[in-house]
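In my numbering, the protein residues as written are 3 to 104.
Idealized CB from N, CA, C, for every residue including glycine.
Everything numeric in this text was worked out from a predicted model, so none of it was measured.
This report refers to the structure that appears directly beneath it.
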Amino acid sequence: MQTLGNIDIPTTGTRVRVTTDESIWCEVVYFQAPVTNTGLIYIGNSSVSSTAGGFGTLNIPAATGVLPEWRTPVTSQPRAMQLAGFYVDASVNGDDVLVSYR
């Protein structure tokens, strides 16, 4: 498992590409909302917005410490998805998302 670390989404409505490195291909991508988030995280491609996720949405973390997570379906091919094709947006300025892949 590799991680890109926390991806900051500084401005609501301005999607952020998870990486600009187009050489990274993977079989699964994991997204997790840190406990400090106060809004929703939207996951998708270059058309994702701060009101609708194309692939998935991470809810606000629970007070119990349960962190919302979403992952792509696992493929049987190790280089099935280009990581640079994923974008995130947030409903609250400054929220983050932890991105990992395999």
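DSSP, reduced to helix, strand and coil, places A54 within a strand of the structure shown. Under the DSSP assignment, A92 falls in the beta strand (DSSP E) whose first and last residues are Y89 to A92. The three-state reading of DSSP puts L60 in strand, counting E and B together.
With the rule of 3 Cβ pairs closer than 8 Å, the stretch 5–12 does not count as touching the stretch 62–74. The beta carbon of A86 sits closer than 8 Å to the beta carbons of R19, V20, T21, T22, D23, E24 and I26 from its chain, once the five residues preceding and following it are set aside; these are given in chain order.
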